Structures are given as C-alpha cells and as structure tokens.
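Asker: Using the working numbering, the first residue of the sequence shown is number 1439, and each one after it goes up by one.
We put the CB at the ideal spot given by N, CA and C, even for glycine.
Note that the structure is predicted; figures quoted are calculated from it, not measured.
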Amino acid sequence: MDIKLKFYYKGPKTKEIQLESEWMDDKAINPLVSDMLKTGRIKDIIVMDEMGREWTLKEYKKLMEKIEEEPRNPIIYFDGGYDREKKESGIGIVIYYDKGEEKFRIRSNAKLHELESSNEAEYAALYNAMEVLHQIGVQQTPCVVKGDAQGVLKQLAGEWPCYEETLNLWLDRIEEKIEAMGLKPSFQTISRNENKAAHRLASQALQNNIIDSHLKIDV
1439 MDIKLKFYYK GPKTKEIQLE SEWMDDKAIN PLVSDMLKTG RIKDIIVMDE
1489 MGREWTLKEY KKLMEKIEEE PRNPIIYFDG GYDREKKESG IGIVIYYDKG
1539 EEKFRIRSNA KLHELESSNE AEYAALYNAM EVLHQIGVQQ TPCVVKGDAQ
1589 GVLKQLAGEW PCYEETLNLW LDRIEEKIEA MGLKPSFQTI SRNENKAAHR
1639 LASQALQNNI IDSHLKIDV
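Printed below as a string of structure tokens:
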C-alpha cells in the first residue's frame, strides 16, 4: 500500500510550516521517519494512505503490528471462456498478495454450467476472484484488477454503460463484494498475452483439468 506523510517543520531561525511528502511504498516509512526525527526539526507526523485514512505515527506503528499477518495489496488476473456447443464455461483466476514480508500466489479455475455467454463467464470469473479474496481475509486495502475483458473493466470503472440485465446483475454482485470488503479497486485492461496465465486456467477448466493452488513465492 502507498502512503504519504504530513508533518510540521521548524528550523532554528524559521517559522513552523506544514509539509507533505509524495506517495511512497509503506515499507519505506520506518527508515525515512527515523532519519527525519534525527534532525530535531520535525514534529506531529501524520501518516495517510490510499484509502483516505490518517493516523499519528504512534497509531500507525500499532496498526502495522496488528496487520502484519493480514493479506494485503492483492493483484487479480481473471479470464473466462465459453464452449457454445456444450454450453459450458471455464473460469481462471490468478491472485498475488502480500502477507508481512512474504508474497503468495493463488491459481484457481472451475467449470460452470449455468452461464450463457463468454461475456457472462468473464463476470463470473471476477466475482469468484472476489470470493477468494474474501475467503483469505483480504479487507480495507487497495486492489488491482487486471484482465483482457475490456467491457467488464470499463463498466466496473463506470466508464461504459451496461445494457444487458444478466450482466448488470453480475456487476451489482461484484460491486457489493468490493464494498463489503472495503477494497479500493483500480481496473487495468491488459493484452491476452499478459493475461495468459488466467486464460490457460480457464481453458484447462473446459478440459476438466481443475487446479487449486496456493503457494508462497520467491521474489
């Protein structure tokens, strides 16, 4: 999660002024604040995050200790496929997230029989990705959603209208999940090649090759 600092600076011969830093990764805060405090000219440091929340430095340190083992900063890749002849759908999900200093990856897919189009399969894939985030305890954090389904992502971002009743119902369900978990999503349309891991999982599901993997990864 990105954070920025708001603080007061008072030099030996200057009046006190309020300053604000640029956005930075939250892992950079401890050495930076330590160095700032050594000057003896900084006081009343306030930490702000992407969710619009603010803490005193003491409150923020306590918060970090509390959430050290909570999953944070998820990145979702999703894709859906549809077999017109068999009227079957395959969905694929890849999720990366942080927990403390460690990083994890989830790979999951499923075959669905109730859907009616490839578009609906895309929505179902993203909804199921949100379900996975809920199951592992993700909450109150920024969330990056990536896929090659431009319509889904543009509609969720509020940039494109959705006229199909069935797809609107999926939009509502996804938005309700996002709100319930307190996520701040950003939606990014990527190429099929960049989304090949999720696409492969969706294709494997249609071939009855079901995958459910949750691993710590080296970075």
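Could you give the C-beta distance for Asp1517 and His1652, rounded to a whole number, given that I count them as a contact under 8 Å?
Answerer: On the sequence shown, position 79 is the one that residue 1517 refers to. On the sequence shown, position 214 is the one that residue 1652 refers to. Between His1652 and Asp1517 the Cβ distance is about 19 Å, and since that is not below 8 Å, they are no contact.
Asker: If the criterion is Cβ atoms closer than 8 Å, does the pair Lys1537 and Pro1509 meet it?
Answerer: Residue 1537 sits at position 99 when you count from the first residue of the sequence shown. Residue 1509 sits at position 71 when you count from the first residue of the sequence shown. Contact flag set, yes.
Asker: List the DSSP bridge partners of Asn1547.
Answerer: The residue you call residue 1547 lines up with position 109 of the sequence shown. In the DSSP output, where bridge partners are listed per residue, Asn1547 has Gly1530.
Asker: Mapping DSSP to helix, strand and coil, what is Val1582?
Answerer: Mapped onto the sequence shown, residue 1582 falls at position 144. Val1582 falls in the strand class under three-state DSSP.
Asker: Buried or exposed: where does Leu1553 fall if 16 or more other Cβ atoms within 10 Å of its Cβ makes it buried?
Answerer: Residue 1553 sits at position 115 when you count from the first residue of the sequence shown. By the neighbour-count rule (16 or more Cβ atoms within 10 Å), Leu1553 is buried.
Asker: Quick check on the DSSP output: the alpha helix (DSSP H) that includes Thr1604 runs from which residue to which?
Answerer: As a working mapping, residue 1604 is identified with position 166 in the sequence shown. It spans 1603-1619 - the alpha helix (DSSP H) in which Thr1604 sits, taken as one unbroken run.
Asker: What would DSSP say about Gly1518, mapped onto helix, strand or coil?
Answerer: Taking the sequence shown and counting its residues from 1, the one referred to as residue 1518 is at position 80. It is a strand residue.
Asker: Ordered along the chain, which non-local residues of its own chain (more than five positions away) have a Cβ less than 6 Å from that of Met1474?
Answerer: As a first step, residue 1474 must be located in the sequence shown, where it is residue number 36. The answer, listed in chain order, is Ile1480.
Asker: To the nearest whole angstrom, what separates the beta carbons of Ile1628 and Lys1592, a pair I think is in contact under 8 Å?
Answerer: For the purposes of this step, residue 1628 is taken as residue 190 along the sequence shown, with counting starting at 1. For the purposes of this step, residue 1592 is taken as residue 154 along the sequence shown, with counting starting at 1. The Cβ separation is near 13 Å, so there is no contact.
Asker: So what's Pro1469 in DSSP terms, helix, strand or just coil?
Answerer: The count along the sequence shown starts at 1 and reaches residue 1469 at position 31. Three-state result, Pro1469: helix.
Asker: Hey, could you find the ends of the alpha helix (DSSP H) Glu1658 is sitting in?
Answerer: Nothing can be reported for residue 1658, as the shown portion of the chain is limited to 1439 through 1657.
Asker: Is it true that the CB of Tyr1534 sits closer than 8 Å to the CB of Lys1541?
Answerer: Start at 1 with the first residue of the sequence shown, and residue 1541 comes out as number 103. Start at 1 with the first residue of the sequence shown, and residue 1534 comes out as number 96. Cβ atoms of Lys1541 and Tyr1534: closer than 8 Å.
Asker: Along the chain, where does the alpha helix (DSSP H) that runs through Ile1574 open and close?
Answerer: Residue numbering aside, residue 1574 sits at position 136 when the sequence shown is read from its first letter. That run of the alpha helix (DSSP H) goes 1556-1574.
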